Each structure stands twice: as structure tokens, then as C-alpha cells.
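Okay, so here's the structure we're looking at.
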Amino acid sequence: MSQSGAVDGTGYDLVLRGQRVMTTAGEVAREVGVTGGRIVAIEPLGNGLSGATVVELADDEVLLPGLVDTHVHVNEPGRTDWEGFASATRAAAAGGVTTIIDMPLNSIPPTCDVAALEAKQDSARDQAFVDVGFWGGAIPGNSAHLRPLHDRGVFGFKCFLLHSGVDEFPHLDVEEMEADMAILAEFDSIMIVHAEDSRAIDRAPSPQGDKYGRFLASRPRGAENVAVAEVIERARWTGVRAHVLHLSSSDALPMIRSAKRDGVRLTVETCPHYLTLTAEEVPDGATAYKCCPPIREAANRELLWEGLLDGTIDCVVSDHSPSTLDLKDLENGDFGVAWGGVSSLQLGLSLVWTEARRRGIPLSQVVEWMAVRPAELIRLTSKGKLALGYDADLSVFAPDQSYVVDPAKLRHKNPITPYAQKPLSGVVRRTFLRGAEIDGRTPTGRLIGRG
Ligand SMILES: [Zn+2]
């Protein structure tokens, strides 16, 4: 890759040229012209578009649309020692992610009314290196705040069906969830659900100790299956759009297929850790692997890949959910007390690509799962594709370059990772936001909202 200024100053703000440009028609040799932060020309390579800045891709590089990660816990304000907008968005940019949607909880206050949304926006505004949008929260007693939050641009609402992990974001029971779904249906918003059932988890064995098997038994598939069934039926009854977050139990795939076939307005995501890690490989006391729902057996992972390939699962997003080192309880390795969450904002593309490639799945499919479909989930019509009129959010990706994960090179605030020393394929070399390269020093991210 090389870069040179234009001779005459006319033409586009930025031109990118390469043999491998991931357009909506697949990977083709193209020149891409960017003006005013948007993609305004896509022409055959060789047409010689001129630009104030010209980027020539190397032979081993693919130009990708920036990924859209709709499941990120930034935790600021309130738990800024866990993560923050500057560190999270630097990690995103380093991983080729150019838009994140922040989850409503783990920050204080949680995003459950307009004042809290404004507090978040004030925190994010001057320190975001990628574009940032927000989910609202649905908790007991805040039904009257849903419409005002919607009007202020949140992309939808998250609820839990069991304890969320933080006391200031209580969970809904299924009747409360249905009541809020009915409200959201009135203005065609979306309910996104952490689908594990509180009653089922209460009856499962307790998770204490350093044995992963015991932790796994404490978060049984049945707890997910029951909750997913509730989401499906309540979505069916209310007509709301509903989305199952971080699906881990492959047992739920047949009923999701069935619901989709029936026309229930349902979408489903899974995460890199469920697609790349297995319960069998988790060492005793390795709480970096703890997340909820949990990483399950290898056979389960295979079925999740099948579900992705047949479209039962719509998209792959990170569920980046960091905490401080001490809350991960790395020293004692007790799965009962450690914070549950895997932080992979920076690694998601490499993780999913490494595994996809091993399975003979093309890069274009990975882009579909991690950029196109998440943008569609939140109806973001300016992002997620390398296409005319879209924001020039782009990354230069070297799919065949391999590396070994070095936690010291992760940009998120507390670089705890189950992927340390894991060999991966695919390096993000440069990332552009609305046509300007993200340099990690000057925050150029914007706050985005619905519509
Ligand atoms: Zn989450």
C-alpha cells in the first residue's frame, strides 16, 4: 500500500484503489472515490480517479466496509475503570469496527431515561474514535420512558430475564417484558433480550470454584431455551420486533427456525467466543473465559456455525463486556465470583475470519454477518456496506497475514482476554471513518441516532 497527494487538487477528497474491494457485488478490482465523508464513486480499477489523497492497496489487502458492532458495554460514566469511550473506540478502530452501539447497563446511570442518555452522550461526545449510538434500557417501572428515549434516537431497548449482574439494572419478568414489547410495537422499536430464565438459573447448581464444568452446569442450556421460547411467543403475541442477544444454546435453533418460518419478527445474534472457543478447552480457574450465557461444548459450537450458515442466526457481534482485573478474580480463579464477560471488540474480525476460513467460508460472508446485518438490525442505512451513498467507513484488511494475540497490544482498558497467545489470521492495517483515517489521537467519531 502506498499513498500520495493529488497533483492538481481536483477530484475526490480520497481515492482508494485495489484489486480486492468488498462491494455489495462481492470482491472486485475497483477504485473508490470519497467526497464529504461519503462513497460517491465506485469504478473499475484503471479508470484513474483523482483525489487529494490516494491510497493504493497492496496485493495482500482487501478493502472492507467498517464493521458495525451493536453489542458493546462501554460502562462510562460510572464504571469508567472498567472501560470508557476513548479506550473502547480505539480498540474498535484497531479491529476494523467503525460503529458501536453502547449497551444501556454497567454505566451509572444506566440508559433508562432521557437524562441518563444525555449523560452518556456528554461522556462520549469528545472522545469517540468511531461513531457511537445507544440502546435504551427496559427495567421495571420505566415504561413511561421508552417513548421519550425512542424519540431521542435510541436504536431499541434491552431487557434481561434474570439478574443482570448489576443491581441498578433490574430484570423484567416475562409479563413485564410483554407489556413493554406492546409499547415498543406501537412505534416499531425493537426489544433486545438477554435470554436466560431467572427461575431456571435459580434452580441450577451454584457456580463456585475453579472448575469450568461446574460453572457450565450453573448456566444450563435449558435456562436459555426457556427464555428464548418466551421471547418468541411474546413477540408473536405483540407483533414487536425482537432480538435474541448472544445466543449460546444450539438447542434453541429449531424453535428460532420455526418462529422465523411463521413470520415472527425475530433476529438472533451470536458472538465470536461461542464460535471459536469450547468448554472442553477452558483450563481450571481460567475466568477470562467466563461469560453469560457460557461458552459451551464443541458439538454445540458446530451447530451454531450451521445456524449461522443457514440464516437462523443473523449476525455476529462482540458482546464486549470488560471489567477490572480484580473483578475477573484471575488470582483465585473462582468462576462463582468472577465478572462474566469477554472483551473482543478489537479481535472479533480476526477471530471469526480465522474460524470461517478454516471452514471454507468466504470473507464476504463474514462481512455480511459483522457489518451488513448488524446495520440492518438497527436500520442504519448509511453504514455496513461499501456502496454508493454510504459513509466512507472502511478498513484495509490483510486476510492472509497471521499473528499471535498479545494482550499488551489490545487497546481496551483492561486487556484481559481468553485469546492470549492464540494464532489468528487477518490483520486490520488501517481504518477510515467518513473518509478520514483514524489515527488514535484525534477523536473524530460522532454520536449517531435512529433515523
Ligand atoms: Zn452484553
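With my numbering as the guide, the letters of the sequence shown map in order to residues 1 to 451. Glycine is no exception: its CB is placed at the ideal position from the N, C-alpha and C atoms. These numbers were taken from a predicted model, which means no experiment stands behind them.
- According to the DSSP assignment, PHE432 belongs to no alpha helix (DSSP H) but to the beta strand (DSSP E) extending over 423-433.
- Residue side-chain check: SER189 keeps its Cβ at 6 Å or more from all non-hydrogen atoms of ligand 1.
- The DSSP-derived three-state label of TYR212 is helix.
- Separation of the CB atoms of PRO272 and SER344 is rounded to 5 Å, and the pair is thereby assigned contact status at 8 Å.
- No heavy atom of ligand 1 is found nearer than 6 Å to the CB of SER382.
- Between HIS320 and VAL72 the beta-carbon gap is near 5 Å, inside 8 Å, which marks them as a contact.
- About 5 Å separates the beta carbons of LEU245 and HIS194, which is inside the 8 Å limit, making them a contact pair.
- For THR267, the enclosing beta strand (DSSP E) starts and ends at 266-270.
- Residue pairing by DSSP puts GLY26 in a beta bridge opposite THR23.
- Distance from the C-beta of SER343 to the nearest heavy atom of ligand 1 is not below 6 Å.
- In this structure the stretch 344-362 touches the stretch 267-281; the number of beta carbon pairs closer than 8 Å is three or more.
- In the structure shown, TYR403 falls within a strand segment according to DSSP collapsed to helix, strand and coil.
- Residue pairing of PHE134 in beta bridges, as defined by DSSP: ASP102.
- Contact check between the stretch 426-437 and the stretch 379-392: three or more CB pairs, one atom from each, fall below 8 Å, which counts as touching.
- Remark: the shortest separation between the CB of SER321 and any heavy atom of ligand 1 falls under 6 Å.
- Across the structure, VAL282 and ALA299 are spaced so that their CA atoms are roughly 15 Å apart.
- A distance of 7 Å or more separates the beta carbons of VAL316 and TRP237.
- Straight through space, the alpha carbons of THR80 and ALA398 are spaced by roughly 33 Å.
- Per DSSP, the continuous alpha helix (DSSP H) segment holding HIS150 begins and ends at 146-151.
- Distances from the CA of ASP197 to each of ALA229, GLU186, ALA182, PHE169 were compared; the closest alpha carbon is that of ALA229.
- For PHE157 and LEU380, the gap between their C-alpha atoms comes out near 16 Å.
- With respect to the C-alpha of PRO44, the residue from THR35, ARG30, GLY51 having the closest C-alpha is ARG30.
- Taking 8 Å as the upper bound for CB-CB distance, ILE232 and ALA259 are in contact here, some 4 Å apart.
- Under the DSSP assignment, THR53 falls in the beta strand (DSSP E) whose first and last residues are 51-56.
- Excluding its 5 nearest sequence neighbours in each direction, VAL405 has C-beta neighbours in its own chain below 7 Å: LEU347, THR417, TYR419, ALA420, GLN421, LYS422, LEU424, listed in chain order.
- LEU330 and ILE39 have their alpha carbons spaced roughly 46 Å apart.
- Secondary structure note for PHE157: its beta strand (DSSP E) is the uninterrupted segment 157-160.
- Taking a cut-off of 8 Å on C-beta distances, the stretch 206-226 does not touch the stretch 261-272, as fewer than three cross pairs fall below it.
- Contact check between the stretch 140-155 and the stretch 107-124: three or more CB pairs, one atom from each, fall below 8 Å, which counts as touching.
- Between LEU64 and VAL34, the gap from beta carbon to beta carbon reaches 7 Å or more.
- Taking the Cβ atoms as the reference, PHE160 lies roughly 26 Å from ALA128, outside the contact range of under 8 Å.
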